[in-house]
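Participant: Protein chains in written order, with this note's numbering: chain A, 707 to 1014; chain B, 473 to 827.
Please read through the structure below; I'll follow up with questions.
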């Protein structure tokens, strides 16, 4: 039963990684850049939601939507100002710019919201009204218990996993069926040819950043609901892990991001439970290295043969 | 003399210029600190600047000359810092002369980092591009995790190692050298600016001689076109490994130098952000341009201090400066303008070269 508990929390953490990894993988697939500022967009999203709920006492759903909206705008603005002028520059220049953006977001957050940790409210709760005959008082439940309390699943976990599934289905539909999604796939295949076919490449790239940043906001809210300490560097480690997850599954591939994220979350939680809490990160990265040795392009990545 | 200089190739002239400028900077700083005209905060930064300069040059060997992106260079620095400092503490009574002990410590740090570089290189160099980058990142994090959980003690029976918790069971009179997340404490600060200068010069010599040798040309051939290099019989793995291990060893020496400038050192100091910091030096200085790496490392180490007047805003300003510099140096209009200006200034020299 404890194993089942670990399994569920692993899938939950993995779902969060998967949602973040989607942003990395989509941007990489289309713009061929490692967007190191992606992890910090998560943090910005979480802060926006936090302030919307606790400072302006907006309902949680409005807070999440607001965070998504503002992060989407942030993603588009950053892309326009910092990445678009470097479209033809060498990839390392773009990488350093992304790191600059990451520093910028972290330090701006530090100035705006200070380094003191904020405790993120858990709003995935169910309030049970008091029983009419007075036998039970009003209680706030944060999760459900199965098998007589042996298996506890919090609502955050359920919402996280459900959100991840919905996002995956929506994205699969979006990239497969809609015009914009097809344009995205075309751009990731061959930008020049896509432009010749009348696809607006710049708009497509902007759209990718917008979707990625919106997803990052959702991931930020879910991450902070599960691990409720919010500081300006909250996003960096999950960002690196999600980037690892994206590579794990094969960077550029959307199902790969899901698979990589889930596996990474599972490995991390199981390593924490059965090997060592302190060395869990080392185990995660060691597994990544072994996987890349066997499959150099990730689990679902396409191995492109070089032509001479 | 001028004739002799002219006879030299463009690269060797450039290399001599680099040596000369480094020596000039060292002499100048020594005179200034002798007369007490540099601030104490800058004085305290001289050794870290030397360490970062060596880090930048060695990473430039991997990124600029070998052409592979490494995101885990701080891991080698960490390796060198911990093994070198532990060696210095263990040898405290054996080698009483501090500069000699520092040299031995740096050599041991470099050797261990080279070993780590070799072990990491076996899987890493089979991969390509961003996959290689992520594996170096992973190794950097693994090295950090291990040093965060490693306990090393020394007593009359020799060295004792344990992982995760302190099970070294030292005898009376023994002492714990590496204390897991507490790192190494009570380090004797034996790093000096002069030692840093010597290390920088040594690094430059090693890198320049490597780059200008047959092996260096093979390394650059692998970078420019792997398949073509392979087809004319260049042993790719060997030359990639050569550049990677050299780079790791130099980073290890820099780590030892860096660590022995402080009284305590912890593994978290050498994290992903440190790797990125060094990468920023390399990219801003110019890929393959060692002088650029030196200038960028020195300038960007001083910059946050120099921005102190902005107090809380300094890292924000740093980030904005970084973005603006990247945008400006890669802006096509600005670039063509700069090229034209350059051509106007050195117009004659250019034509000569073309012939």
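We put the CB at the ideal spot given by N, CA and C, even for glycine.
Strictly under 8 Å for the Cβ-Cβ distance: is residue 613 of chain B near chain A by that measure?
Facilitator: Position 141 of the second chain, counted from the first residue, corresponds to residue 613 of chain B. Judged by the 8 Å Cβ criterion, residue 613 of chain B is in contact with chain A.
Participant: Quick one: list the residues of chain A neighbouring residue 610 of chain B, beta-carbon separation under 8 Å, in chain order.
Facilitator: For the purposes of this step, residue 610 of chain B is taken as the residue at position 138 of the second chain. Simply 950, 991, 992, 994, 995.
Participant: Which residues of chain A have a Cβ atom closer than 8 Å to the Cβ of residue 606 of chain B, listed in chain order?
Facilitator: Residue numbering aside, residue 606 of chain B sits at position 134 when the second chain is read from its first letter. Neighbours of residue 606 of chain B on chain A, chain order: 949, 950, 953, 994, 998.
Participant: Under 6 Å Cβ to Cβ from residue 829 of chain A, same chain only, skipping five residues before and after it: list those, please.
Facilitator: To locate residue 829 of chain A, count along the first chain from 1; it is residue 123. Correct list, in chain order: 766.
Participant: Run down chain A in chain order and give the residues with a C-beta less than 9 Å from the C-beta of residue 595 of chain B.
Facilitator: By one-based count along the second chain, residue 595 of chain B stands at place 123. Here the neighbours are 995, 996, 998, 999.
Participant: When you compare the CB of residue 763 of chain A with every CB in chain B, is at least one pair closer than 8 Å?
Facilitator: Residue numbering aside, residue 763 of chain A sits at position 57 when the first chain is read from its first letter. False, the Cβ-Cβ gap to chain B never drops below 8 Å.
Participant: Where does residue 903 of chain A sit, in a helix, a strand or coil, going by DSSP?
Facilitator: Position 197 of the first chain, counting from 1, holds the residue named residue 903 of chain A. In the structure shown, residue 903 of chain A sits in coil (DSSP, three-state: anything other than H, G, I, E or B).
Participant: Does the separation of the CB atoms of residue 742 of chain B and residue 650 of chain B fall below 8 Å?
Facilitator: Along the second chain, one-based indexing puts residue 742 of chain B at 270. Along the second chain, one-based indexing puts residue 650 of chain B at 178. Their beta carbons are not under 8 Å apart, which means residue 742 of chain B does not touch residue 650 of chain B by this criterion.
Participant: Got a sec, what are the start and stop residues for the alpha helix (DSSP H) residue 649 of chain B sits in?
Facilitator: Counting from one through the second chain, the residue named residue 649 of chain B turns up at place 177. Careful: residue 649 of chain B lies outside any alpha helix (DSSP H), inside the beta strand (DSSP E) at 647 to 651.
Participant: Where do the N-terminal and C-terminal ends of the beta strand (DSSP E) with residue 465 of chain B fall, by residue?
Facilitator: This structure leaves residue 465 of chain B out entirely; chain B is present only between 473 and 827.
Participant: So which residues on chain A does residue 620 of chain B lean against when the C-beta distance must stay under 8 Å?
Facilitator: Taking the second chain and counting its residues from 1, the one referred to as residue 620 of chain B is at position 148. By Cβ distance, chain A contributes 984.
Participant: Can you pull the chain B residues whose beta carbon is under 7 Å from the beta carbon of residue 987 of chain A, in chain order?
Facilitator: The sequence position of residue 987 of chain A within the first chain is 281, counting from 1. Residues of chain B passing the Cβ test: 613, 617.
Participant: Taking only the alpha-carbon atoms, compute the straight-line gap between residue 823 of chain B and residue 814 of chain B and give it to the nearest angstrom.
Facilitator: Here residue 823 of chain B corresponds to residue number 351 of the second chain, with the count starting at 1. Here residue 814 of chain B corresponds to residue number 342 of the second chain, with the count starting at 1. In this prediction, residue 823 of chain B scores a pLDDT of 43, lower than 50, which makes its location untrustworthy; no coordinate-derived value is stated.
Participant: List the residues that DSSP assigns as beta-bridge partners of residue 911 of chain A.
Facilitator: Translated into positions along the first chain, residue 911 of chain A becomes position 205. In DSSP, residue 911 of chain A forms no bridge with anything.
Participant: With distances taken from CA atoms, which of B/735, B/806, B/536, B/611 is nearest residue 663 of chain B?
Facilitator: Along the second chain, read from residue 1 onward, the residue named residue 663 of chain B stands at position 191. Checked all of B/735, B/806, B/536, B/611; the closest Cα to residue 663 of chain B is B/735.
Participant: Output the distance between the C-alpha atoms of residue 1017 of chain A and residue 998 of chain A, rounded to the nearest integer angstrom.
Facilitator: The first residue shown for chain A is 707 and the last is 1014, placing residue 1017 of chain A beyond what the model contains.
Participant: Using the C-alpha atoms, what's the distance from residue 769 of chain B back to residue 750 of chain B?
Facilitator: Reading the second chain from its first residue, position 278 is the one you call residue 750 of chain B. Reading the second chain from its first residue, position 297 is the one you call residue 769 of chain B. Their backbone Cα atoms lie some 8 Å apart in a straight line.
Participant: Given a threshold of 16 other Cβ atoms within 10 Å of its Cβ, counted over all protein chains shown, does residue 488 of chain B qualify as buried or as exposed?
Facilitator: Here residue 488 of chain B corresponds to residue number 16 of the second chain, with the count starting at 1. Exposed.
Participant: Check whether chain B comes within 8 Å of residue 803 of chain A, counting only Cβ atoms and requiring the distance to be less than that.
Facilitator: Translated into the one-based positions of the first chain, residue 803 of chain A becomes position 97. Closer than 8 Å: yes.
Participant: Quick check: the Cα distance between residue 783 of chain A and residue 754 of chain A, rounded to an integer number of angstroms?
Facilitator: Position 77 of the first chain, counting from 1, holds the residue named residue 783 of chain A. Position 48 of the first chain, counting from 1, holds the residue named residue 754 of chain A. The straight-line gap from Cα to Cα measures roughly 17 Å.
Participant: Kindly list, in the order they appear in chain A, the residues whose Cβ is closer than 7 Å to that of residue 623 of chain B.
Facilitator: Here residue 623 of chain B corresponds to residue number 151 of the second chain, with the count starting at 1. Result: empty, since nearest Cβ-Cβ is about 12 Å, beyond 7 Å.
Participant: My guess is that residue 918 of chain A and residue 739 of chain A are in contact by the Cβ rule of under 8 Å, so how many angstroms apart are they, rounded?
Facilitator: To locate residue 918 of chain A, count along the first chain from 1; it is residue 212. To locate residue 739 of chain A, count along the first chain from 1; it is residue 33. Not confirmed; about 12 Å, so no contact.
Participant: Using the beta-carbon count (16 or more within 10 Å), is residue 704 of chain B buried or exposed?
Facilitator: Your numbering for residue 704 of chain B matches position 232 in the second chain. Exposed is the call here.
Participant: Check whether the Cβ atoms of residue 636 of chain B and residue 620 of chain B sit closer than 8 Å, and answer yes or no.
Facilitator: The count along the second chain starts at 1 and reaches residue 636 of chain B at position 164. The count along the second chain starts at 1 and reaches residue 620 of chain B at position 148. No; because the gap between Cβ atoms is not below 8 Å, this pair is not in contact.
Participant: Taking 8 Å as the CB-CB cut-off, is residue 795 of chain B touching chain A?
Facilitator: The residue labelled residue 795 of chain B in the question sits at position 323 within the second chain. Chain A contact via Cβ: present.
Participant: Going straight from the alpha carbon of residue 827 of chain B to that of residue 486 of chain B, what length do you get?
Facilitator: On the second chain, position 355 is the one that residue 827 of chain B refers to. On the second chain, position 14 is the one that residue 486 of chain B refers to. Its pLDDT being 35, under 50, residue 827 of chain B is placed unreliably in this model, and the coordinates cannot settle the point.
Participant: If you compare alpha carbons, which of A/883, A/1004, A/710, A/885 is closest to residue 853 of chain A?
Facilitator: For the purposes of this step, residue 853 of chain A is taken as residue 147 along the first chain, with counting starting at 1. Cα-wise, what sits closest to residue 853 of chain A is A/710.
Participant: Applying a beta-carbon distance threshold of less than 7 Å, which residues of chain B neighbour residue 740 of chain A?
Facilitator: Within the first chain, numbered from 1, the residue matching residue 740 of chain A stands at position 34. What residue 740 of chain A touches in chain B: 602.
Participant: Leaving out five residues before and five after residue 505 of chain B in sequence, what residues of the same chain have Cβ atoms less than 7 Å from its Cβ?
Facilitator: Residue numbering aside, residue 505 of chain B sits at position 33 when the second chain is read from its first letter. Excluding sequence neighbours, residue 505 of chain B sits near 515.
Participant: For residue 658 of chain B, does the count of other Cβ atoms within 10 angstroms reach 16, so buried, or fall short, so exposed?
Facilitator: Position 186 of the second chain, counting from 1, holds the residue named residue 658 of chain B. Under this definition residue 658 of chain B is an exposed residue.
Participant: So which residues on chain A does residue 744 of chain B lean against when the C-beta distance must stay under 7 Å?
Facilitator: Within the second chain, residue 744 of chain B is the residue found at index 272, counting from 1. Within chain A, the residues near residue 744 of chain B are 946.
Participant: Using C-beta distances below 7 Å, list every residue in its chain close to residue 743 of chain A, excluding the 5 sequence neighbours before and after it, in chain order.
Facilitator: Here residue 743 of chain A refers to the residue found at position 37 when the first chain is read from its first residue. So the list reads 784, 804, 807, 808, 811, once near-sequence residues are dropped.
Participant: Indicate whether residue 616 of chain B and residue 733 of chain B have their beta-carbon atoms separated by less than 8 Å.
Facilitator: Position 144 of the second chain, counted from the first residue, corresponds to residue 616 of chain B. Position 261 of the second chain, counted from the first residue, corresponds to residue 733 of chain B. Cβ atoms of residue 616 of chain B and residue 733 of chain B: not closer than 8 Å.
Participant: With a Cβ-Cβ cutoff of 8 Å, do residue 955 of chain A and residue 745 of chain A count as a contact?
Facilitator: Numbered from 1 along the first chain, position 249 holds the residue referred to as residue 955 of chain A. Numbered from 1 along the first chain, position 39 holds the residue referred to as residue 745 of chain A. Not closer than 8 Å, so no.
Participant: When DSSP labels each residue in this structure, what does residue 551 of chain B get in the three-state scheme?
Facilitator: Residue 551 of chain B sits at position 79 when you count from the first residue of the second chain. Here residue 551 of chain B sits in helix by DSSP.
Participant: What's the C-alpha gap between residue 825 of chain B and residue 481 of chain B?
Facilitator: Translated into positions along the second chain, residue 825 of chain B becomes position 353. Translated into positions along the second chain, residue 481 of chain B becomes position 9. Confidence at residue 825 of chain B is low in this model, with a pLDDT of 41, below 50, so its placement is unreliable and the value that follows should be read with caution. Their Cα atoms are separated by approximately 11 Å.
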